[in-house]
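To start, the structure under review is shown below, and the notes come after it.
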Amino acid sequence: MTFLSDAALSRLRGAPGPPDLSGTRYELLGTLGRGGMGTVYRVQDKELQREVALKVLDVDDDERLPGEARVAARLEHPGIVPVHDLGRLPDGRLYFTMKLVRGERLDRWAAGARTLSERVAVVPRLCETAAFAHAHGVVHRDLKPENVMVGPFGEVLVMDWGVALVSGEQAAGTVAGTQGFMAPEQARGGDTDARADVHALGALLRWLVGDAAPAPLRAIAARATAPDPADRYAGALELSAELSRFLGGERVQAHREAPWERVARLAARHRTALLLVAGYLLVRVVLMLLSNRGPA
Amino acid sequence: MPPHPRTTPPTGAFPATRLTLVQRASSASPNRGPALQSLAAAYWRPVYKYLRLQHRLPAESAEDLTQDLFVDLLTKDALVRFDPARARFRTWLRVQSDGLASHAREAAGRVKRGGREGILSLDFDDAESELRRAEPAAPGDPDDVFDREWLRALFGGAVDALRAACEADGRALHFELFRRYDLEPADPRPTYAALAREHGLTEAQVLNHLAWARARFRREALQRLRELSGSDEEYRQEVKRLFGEAP
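For the record, the sequence lines run as chains A and B. All the letters of the first sequence, read from the start, carry residue numbers 0 to 295 under numbering that gives the first Met the number 0. All the letters of the second sequence, read from the start, carry residue numbers 0 to 246 under numbering that gives the first Met the number 0.
Structure follows, in structure tokens:
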């Protein structure tokens, strides 16, 4: 019998490594990342001569993969990565291919130097994608930085619909999601609806802007992540609208502002006009002073 | 998300109608004898090495006890004491080994062991040779020591099967790449680029050849694991523990 060293045993354990793609139209080029439900590889589609992403599911469950692929395929939206193909590897594992997204994962993107506005602006886009999914009866249930890609042109895409809940399915008794972003009712394995995603979006907002964010933003995040779903925004679009109000310098519903906050907000919102007026007044004052000094 | 029922048995799944070696060896079917022989072939090395490493027994004593254990399994109904609901078969076997080692110490000097040579043909010299090649290790957690040697035997058998399959299918190069990259103790491992240059391949070909070999190795290992598990649940837990994923 072949003797294996401890090092060889360690190498042979763990994930099965790159998939065997012989017999498929794909050739392996590299690994893109590993998620909770499987590993995503960069592959070459030999027939169409293009690079695509190929996801191999760890869970060898016949319904899981078609479920994830089907969910992503039925949601045709700019914020959702389109699925091209699905099949089974020679070793029996299931895979599907999807568009290869160039860009950065949100957690890596956020690690860079970003302004508050840039960070906040990501969330309404996520909200719109989530709202689209909700309108089609799908709750993502695992929105978190690792499942969001930011493209080179600022596009924001939601990835990994592996634990998504499709309308009509029953989720009770099964806990899926990620601590820190998962809604309390989801963590308990209870019934979940679109407001579970609203909770995750609020947690994402808080994660993006940090605890030192302006009070209105903190209030928005707090309302979105309220323990009781009834206390949250009714939907992702409502959260998106609230964030748009914040970005537009308008008063947000989640925060009762003090008079000085209102003045500061209005000043910030009308800063250009205020600067113009101030400049005009300054010029007038200077002109008055100059005319008063006149020739003796 | 609700648990999804399986609709077809994927590779590595546990067909309900198929009995494992342990189940067949415990039954009264005509296949009991061959099943017991297979079970002994799969487990004697881990048992012998465990007795040598964990109990620090001399080679001769470990040989005798290993023979005793498997002869009891083959000739008596020792397996009826195994309850898959209470423990993994491997754990049960390890506990049996501990009991034998303990009794052997108590009986040392009073009873001369031996006299069972020839009932089971076990290559103890080869096992000793492996012990000399293995990294020196102090006795640790009994389960860890037994598990490591059991895994070495399981994966060693899977590698042998992979080599045979590669030779039969004209994929000697696949195995050679697998041996160089995954089995050899070289540290650091050769890069894909170095292997590609060495064998006149592209890096993508190296990647795909290795992927094929690893997938085939995994399949062989899973088949053995399935045979050696005491139950469906035990198999699933073993796969998750070994490969970090559901089967």
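By construction, the Cβ of each residue, glycine as well, lies at the ideal position given by its N, Cα and C atoms.
Buried or exposed for residue i, please, with buried defined as at least 16 other CB atoms from any protein chain shown within 10 angstroms of its CB.
| i | result |
| --- | --- |
| residue 212 of chain B | buried |
| residue 88 of chain B | buried |
| residue 279 of chain A | exposed |
| residue 302 of chain A | Absent from the structure is residue 302 of chain A, since the part of chain A shown begins at 0 and ends at 295. |
| residue 146 of chain A | buried |
| residue 146 of chain B | buried |
| residue 128 of chain A | buried |
| residue 74 of chain B | exposed |
| residue 157 of chain A | buried |
| residue 190 of chain B | exposed |
| residue 101 of chain B | exposed |
| residue 38 of chain A | buried |
| residue 287 of chain A | exposed |
| residue 84 of chain B | exposed |
| residue 307 of chain A | With chain A represented from 0 up to 295, any question about residue 307 of chain A goes unanswered, as that position is not in the structure. |
| residue 282 of chain A | exposed |
| residue 92 of chain B | buried |
| residue 191 of chain A | buried |
| residue 226 of chain A | exposed |
| residue 46 of chain B | buried |
| residue 116 of chain B | With a pLDDT of 45 at residue 116 of chain B, under the threshold of 50, the modelled position of that residue is not reliable, and no figure is offered here. |
| residue 141 of chain A | buried |
| residue 220 of chain A | buried |
Throw me the rounded Cβ distance for the residue i and residue j pair, which I believe falls under 8 Å.
| i | j | result |
| --- | --- | --- |
| residue 155 of chain A | residue 78 of chain A | 6 Å |
| residue 48 of chain B | residue 148 of chain B | 4 Å |
| residue 149 of chain A | residue 103 of chain A | 5 Å |
| residue 238 of chain A | residue 197 of chain A | 6 Å |
| residue 183 of chain B | residue 192 of chain B | About 17 Å; that fails the 8 Å criterion. |
| residue 154 of chain B | residue 220 of chain B | 6 Å |
Is residue i close to chain B, meaning its C-beta is less than 8 Å from at least one C-beta of that chain?
| i | result |
| --- | --- |
| residue 183 of chain A | no |
| residue 44 of chain A | no |
| residue 243 of chain A | no |
| residue 12 of chain A | yes |
| residue 203 of chain A | no |
| residue 26 of chain A | yes |
| residue 4 of chain A | yes |
| residue 7 of chain A | yes |
| residue 97 of chain A | no |
| residue 17 of chain A | yes |
Going straight from the alpha carbon of residue i to that of residue j, what length do you get?
| i | j | result |
| --- | --- | --- |
| residue 134 of chain A | residue 241 of chain A | 19 Å |
| residue 2 of chain A | residue 66 of chain B | 22 Å |
| residue 205 of chain B | residue 6 of chain A | 21 Å |
| residue 144 of chain B | residue 51 of chain B | 11 Å |
| residue 75 of chain A | residue 217 of chain B | 36 Å |
| residue 180 of chain B | residue 63 of chain B | 38 Å |
| residue 40 of chain A | residue 51 of chain A | 8 Å |
| residue 136 of chain A | residue 73 of chain A | 11 Å |
| residue 152 of chain A | residue 204 of chain A | 21 Å |
| residue 3 of chain B | residue 54 of chain B | Any reading at residue 3 of chain B needs caution, since the residue's pLDDT is 33, under 50, leaving its predicted position unreliable; the model's value is listed next. Straight-line Cα distance between these residues: approximately 45 Å. |
| residue 82 of chain B | residue 229 of chain B | 9 Å |
| residue 82 of chain A | residue 88 of chain A | 17 Å |
| residue 124 of chain A | residue 232 of chain A | 16 Å |
| residue 159 of chain B | residue 222 of chain B | 13 Å |
| residue 108 of chain A | residue 117 of chain A | 11 Å |
| residue 80 of chain A | residue 39 of chain B | 52 Å |
| residue 165 of chain B | residue 68 of chain B | 35 Å |
| residue 170 of chain B | residue 161 of chain B | 10 Å |
| residue 94 of chain B | residue 80 of chain B | 12 Å |
| residue 339 of chain A | residue 182 of chain A | Any answer about residue 339 of chain A is impossible in this case: the structure gives chain A only from 0 up to 295. |
| residue 132 of chain A | residue 262 of chain A | 39 Å |
| residue 33 of chain B | residue 86 of chain B | 24 Å |
Give the DSSP bridge partners of residue i, in chain order.
| i | result |
| --- | --- |
| residue 53 of chain A | A:40 and A:96 |
| residue 137 of chain A | A:165 |
| residue 86 of chain A | A:94 |
| residue 224 of chain B | Note: residue 224 of chain B sits in no beta bridge, so no partner. |
| residue 27 of chain A | A:42 |
| residue 156 of chain A | A:148 |
| residue 79 of chain A | A:157 |
Are the C-beta of residue i and some C-beta of chain E separated by less than 8 Å?
| i | result |
| --- | --- |
| residue 129 of chain B | Of the chains in the structure shown, none is chain E; the protein chains are A and B. |
For residue i, would you say it is in contact with chain A, using Cβ-to-Cβ distances shorter than 8 Å as the test?
| i | result |
| --- | --- |
| residue 91 of chain B | no |
| residue 192 of chain B | no |
| residue 113 of chain B | Residue placement at residue 113 of chain B cannot be trusted, given a pLDDT of 48 that sits under 50; what the coordinates show is reported in the next sentence. No, residue 113 of chain B lies away from the interface with chain A (no Cβ there is under 8 Å from its Cβ). |
| residue 184 of chain B | yes |
| residue 211 of chain B | yes |
| residue 139 of chain B | no |
| residue 226 of chain B | no |
| residue 206 of chain B | yes |
| residue 158 of chain B | yes |
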